[in-house]
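Undergrad: Numbering-wise, the numbering used here puts 170 at position 137 of the sequence shown, and it's gapless, one number per residue. Questions regarding the structure given below will be posed in turn.
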Amino acid sequence: MKIYYEDSLPYAAEFFSELGDSRVFSHKDVNAKLVADADVLLVRSTTKVNAQLLDLNQNIAYVGTATAGTNHLDEEYLRSRELGIHSAAGCNAVAVAEYVLSALFVMALEHDWQLVDKTVGIVGAGHVGTRLSAKLTALGIRHLLCDPPLADAGDPRDFVDMSQIMQCDIITLHVPLIKGGRYNTGHMFDAKRLDALKETQLLINACRGEVIDNKALLACFEAGRALNVVLDVWENEPDIDQALVPYIALATAHIAGHTVEGKARGTEMLYQQVCGQFGFTATKKLSDYLPVPQPDRLYVDETLRGQALLSALVLSVYDIRNDSKQFKESIHLPDQFRYIRKNYSIRREFAALSVNTGNNPGSEAIYALGFNRK
Ligand SMILES: NC(=O)C1=CN([C@@H]2O[C@H](COP(=O)(O)OP(=O)(O)OC[C@H]3O[C@@H](n4cnc5c(N)ncnc54)[C@H](O)[C@@H]3O)[C@@H](O)[C@H]2O)C=CC1
Ligand SMILES: O=C(O)C(=O)[C@H](O)COP(=O)(O)O
Numbered sequence: 034m035k036i037y038y039e040d041s042l043p044y045a046a047e048f049f050s051e052l053g054d055s056r057v058f059s060h061k062d063v064n065a066k067l068v069a070d071a072d073v074l075l076v077r078s079t080t081k082v083n084a085q086l087l088d089l090n091q092n093i094a095y096v097g098t099a100t101a102g103t104n105h106l107d108e109e110y111l112r113s114r115e116l117g118i119h120s121a122a123g124c125n126a127v128a129v130a131e132y133v134l135s136a137l138f139v140m141a142l143e144h145d146w147q148l149v150d151k152t153v154g155i156v157g158a159g160h161v162g163t164r165l166s167a168k169l170t171a172l173g174i175r176h177l178l179c180d181p182p183l184a185d186a187g188d189p190r191d192f193v194d195m196s197q198i199m200q201c202d203i204i205t206l207h208v209p210l211i212k213g214g215r216y217n218t219g220h221m222f223d224a225k226r227l228d229a230l231k232e233t234q235l236l237i238n239a240c241r242g243e244v245i246d247n248k249a250l251l252a253c254f255e256a257g258r259a260l261n262v263v264l265d266v267w268e269n270e271p272d273i274d275q276a277l278v279p280y281i282a283l284a285t286a287h288i289a290g291h292t293v294e295g296k297a298r299g300t301e302m303l304y305q306q307v308c309g310q311f312g313f314t315a316t317k318k319l320s321d322y323l324p325v326p327q328p329d330r331l332y333v334d335e336t337l338r339g340q341a342l343l344s345a346l347v348l349s350v351y352d353i354r355n356d357s358k359q360f361k362e363s364i365h366l367p368d369q370f371r372y373i374r375k376n377y378s379i380r381r382e383f384a385a386l387s388v389n390t391g392n393n394p395g396s397e398a399i400y401a402l403g404f405n406r407k
């Protein structure tokens, strides 16, 4: 069996080499000829899988993406080849939720906000939205969920509509890119919604760039509106509109999901799927490969309490300001969006780190946020 995998799948050699003849490719030079004899094709979001890539291949039996989003896969084409859509749903949900928390704590520091006084509107209550909701609950931050497909499907949670989301102090987007139809998310934040935002609100997009009309957003800023916006994802990546960058409070290169665990879990999920489909017993586990973080233990500053304590802890694991600074300072360089992503020094999830809370009264919130108690 010939297994072709994109070079951005961590631990792919470890997981897949025993299952067949495994070969690595780069999304920059993958083409139809290169993968013409693949039985299994494993990608991340940077490889577009469509007729152009697979029409020369007669044998392909499995295509999988080690990501949550699937909009780089041509669903109709894959179904016409009876291949289906295989993804790593939820692999990096914790990573994105922790990215959002870092953004919230940084914005709170910069604007002197008490987060417990704010209401967060989560648009998309799937894997990411649900993880974020749990962490906000741990922090005692009020939040509302908006997810019409889940509401229509009978999910028992309480949902609100977009008009209620537009009243929230903080709005954070976690929907797939769906172009058209009843649940369209393409340009969900169009000129009209952007115009309705107040300068006291915060809008975060860590799902797909096309969910916000970037041209309309730039027009708002150019018209003098001081909107608070955090962007991890952009329209037309990697060739984003650089004019927008200076206006964005915290700007990053589509790395919200890039924790060690989030990326590696994606590879492990595809390994389990391939084993299942081709009748192998899955013997390998992610825990066999994940490195121990250095350091692996955090100490709580006993002088801090409440938001200051939680903020210090979260930012000691991941401080989004570092990524934003590097992004803003270098994004004008050629091919920089891709370069940052390729060379990103990926971070760890809270659960990889033990916290000794001593007698701190805030300890339960710390563990509920995901930190390890051991
Ligand atoms: N920046 C990054 O690194 C990452 C970005 N993503 C993006 O975030 C998206 C969400 O990720 P997950 O939560 O794992 O996906 P998911 O599929 O588990 O959840 C998405 C939720 O959005 C809901 N939804 C669909 N249309 C909607 C609409 N019009 N309004 C409100 N809700 C709607 C769905 O019903 C679903 O519950 C992914 O599709 C991907 O595009 C995911 C992981 C990392
Ligand atoms: O899982 C998703 O969806 C994402 O957006 C990924 O975090 C994107 O990562 P890459 O595949 O582009 O490394």
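Even for Gly, the Cβ is constructed at its ideal location relative to N, Cα and C. Since the model is a prediction, treat every value here as computed from it, not as a measurement.
Determine the closest residue to R56 out of S41, K35 and N64, with distance taken between C-alpha atoms.
TA: On the sequence shown, residue 56 is found 23 positions in, with the first residue counted as 1. For the residues S41, K35 and N64, the minimum Cα distance to R56 belongs to K35.
Undergrad: How many Å lie between S59 and V68 at the Cα?
TA: Here residue 59 is taken as the residue at index 26 of the sequence shown, counted from 1. Here residue 68 is taken as the residue at index 35 of the sequence shown, counted from 1. Approximately 12 Å between the Cα atoms of the pair.
Undergrad: Using only the heavy atoms of ligand 1, determine whether one of them is closer than 7 Å to the beta carbon of Y377.
TA: If you number the sequence shown from 1, residue 377 lands on position 344. Not under cutoff, so the answer is no.
Undergrad: Considering only heavy atoms of ligand 1, does any lie closer than 7 Å to the CB of P209?
TA: Against the sequence shown, residue 209 aligns to sequence position 176. Yes, the beta carbon of P209 sits closer than 7 Å to at least one heavy atom of ligand 1.
Undergrad: Keeping to the same chain, check which residues put their C-beta closer than 7 Å to that of E335; ignore five residues upstream and five downstream.
TA: For the purposes of this step, residue 335 is identified with residue 302 of the sequence shown, where counting begins at 1. The residues are G391 and N393.
Undergrad: When you compare the CB positions of V208 and G157, do they come within less than 8 Å of one another, or not?
TA: Walking along the sequence shown from the start, residue 208 turns up at place 175. Walking along the sequence shown from the start, residue 157 turns up at place 124. It is a contact, given that the beta carbons lie within the stated cut-off.
Undergrad: At a cut-off of 7 Å, would you count S78 as near ligand 2, judging by its Cβ distance to the nearest heavy atom?
TA: Translated into positions along the sequence shown, residue 78 becomes position 45. Yes.
Undergrad: For ligand 1, I want to know if H160 counts as a neighbour, meaning its beta carbon is within less than 7 Å of at least one of the ligand's heavy atoms.
TA: Within the sequence shown, numbered from 1, the residue matching residue 160 stands at position 127. For ligand 1, at least one heavy atom lies less than 7 Å from the Cβ of H160.
Undergrad: Using only the heavy atoms of ligand 1, determine whether one of them is closer than 7 Å to the beta carbon of Y400.
TA: Indexing the sequence shown from 1 puts residue 400 at position 367. Not so, every heavy atom of ligand 1 lies at least 7 Å from the Cβ.
Undergrad: Indicate whether L177 and V193 have their beta-carbon atoms separated by less than 8 Å.
TA: Counted from its first residue, the sequence shown places residue 177 at position 144. Counted from its first residue, the sequence shown places residue 193 at position 160. Yes. Within cutoff.
Undergrad: Measuring CA to CA, which of N238, G214, P271 and A101 is closest to N261?
TA: What you label residue 261 is simply residue 228 of the sequence shown in a count that begins at 1. Nearest option by C-alpha distance: N238.
Undergrad: From A101, A398, E397 and L386, pick the residue whose C-alpha is nearest to that of N405; which is it?
TA: The residue given as residue 405 occupies position 372 in the sequence shown. Closest option to N405, Cα to Cα, is L386.
Undergrad: At a cut-off of 7 Å, is G157 close to ligand 1 when judged by its beta-carbon and the heavy atoms of the ligand?
TA: As a first step, residue 157 must be located in the sequence shown, where it is residue number 124. Flag set: Cβ of G157 near ligand 1.
Undergrad: With DSSP as the reference, label Y351 as helix, strand or coil.
TA: Working through the sequence shown from its first residue, we reach residue 351 at position 318. Coil.
Undergrad: Cβ of N125 within 8 Å of Cβ of G242?
TA: Here residue 125 refers to the residue found at position 92 of the sequence shown. Here residue 242 refers to the residue found at position 209 of the sequence shown. Result no, Cβ atoms of N125 and G242 do not sit closer than 8 Å.
Undergrad: Any heavy atom of ligand 2 inside 7 Å of the beta-carbon of T100?
TA: As a position in the sequence shown, residue 100 is number 67, starting the count at 1. T100: yes, Cβ under 7 Å from ligand 2.
Undergrad: Taking DSSP as the reference, what is the three-state secondary structure of L303?
TA: On the sequence shown, position 270 is the one that residue 303 refers to. Residue state, collapsed to three classes: helix.
Undergrad: Within 7 Å: the Cβ of H365 and any heavy atom of ligand 2?
TA: Taking the first residue of the sequence shown as position 1, residue 365 is located at position 332. Result no, Cβ not under 7 Å from ligand 2.
Undergrad: Leaving out five residues before and five after G219 in sequence, what residues of the same chain have Cβ atoms less than 8 Å from its Cβ?
TA: Translated into positions along the sequence shown, residue 219 becomes position 186. Correct list, in chain order: L210, I211, K212, G213, E243 and V244.
Undergrad: If you draw a straight line from the C-alpha of L230 to the C-alpha of H144, how long is it?
TA: The residue you call residue 230 lines up with position 197 of the sequence shown. The residue you call residue 144 lines up with position 111 of the sequence shown. Distance between the alpha carbons of L230 and H144: 17 Å.
Undergrad: So, for A297: in the same chain, excluding its five sequence neighbours on each side, which residues have a beta-carbon less than 8 Å away from its beta-carbon?
TA: Position 264 of the sequence shown, counting from 1, holds the residue named residue 297. Counting only Cβ-Cβ distances below 8 Å, and skipping sequence neighbours, we find P43, Y44, L319, Y322 and L323.
Undergrad: How would you call L227, buried or exposed, if buried means at least 16 neighbouring beta carbons within 10 angstroms?
TA: Along the sequence shown, read from residue 1 onward, the residue named residue 227 stands at position 194. Under this definition L227 is a buried residue.
Undergrad: Using 7 Å as the cut-off, classify the Cβ of G290 as near or not near the heavy atoms of ligand 2, replying yes or no.
TA: Within the sequence shown, the letter at position 257 stands for residue 290. Because some heavy atom of ligand 2 lies under 7 Å away, the Cβ of G290 counts as near it: yes.
Undergrad: If you draw a straight line from the C-alpha of P328 to the C-alpha of V388, how long is it?
TA: Numbered from 1 along the sequence shown, position 295 holds the residue referred to as residue 328. Numbered from 1 along the sequence shown, position 355 holds the residue referred to as residue 388. When rounded, the distance between both Cα atoms is 11 Å.
Undergrad: Answer yes or no: the CB of V266 versus the heavy atoms of ligand 1, is any distance below 7 Å?
TA: For this step, residue 266 is matched to residue 233 along the sequence shown. At least one heavy atom of ligand 1 is nearer than 7 Å to the Cβ of V266, so yes.
Undergrad: Between F313, A398, S349 and H287, which has its C-alpha nearest G102's C-alpha?
TA: Here the question's residue 102 lines up with position 69 in the sequence shown. Checked all of F313, A398, S349 and H287; the closest Cα to G102 is H287.
Undergrad: By how many angstroms is the C-alpha of I281 removed from the C-alpha of I364?
TA: Stepping through the sequence shown from its first residue, residue 364 is reached at position 331. Stepping through the sequence shown from its first residue, residue 281 is reached at position 248. Computed Cα separation, rounded: 13 Å.
Undergrad: Using CA atoms only, rank isn't needed, just tell me which of Q147, G173 and G97 is closest to L111.
TA: Here the question's residue 111 lines up with position 78 in the sequence shown. When each option's Cα is compared against that of L111, the closest is G97.
Undergrad: DSSP three-state label for R164, please.
TA: Taking the sequence shown and counting its residues from 1, the one referred to as residue 164 is at position 131. DSSP places R164 in helix when its eight states are reduced to three.
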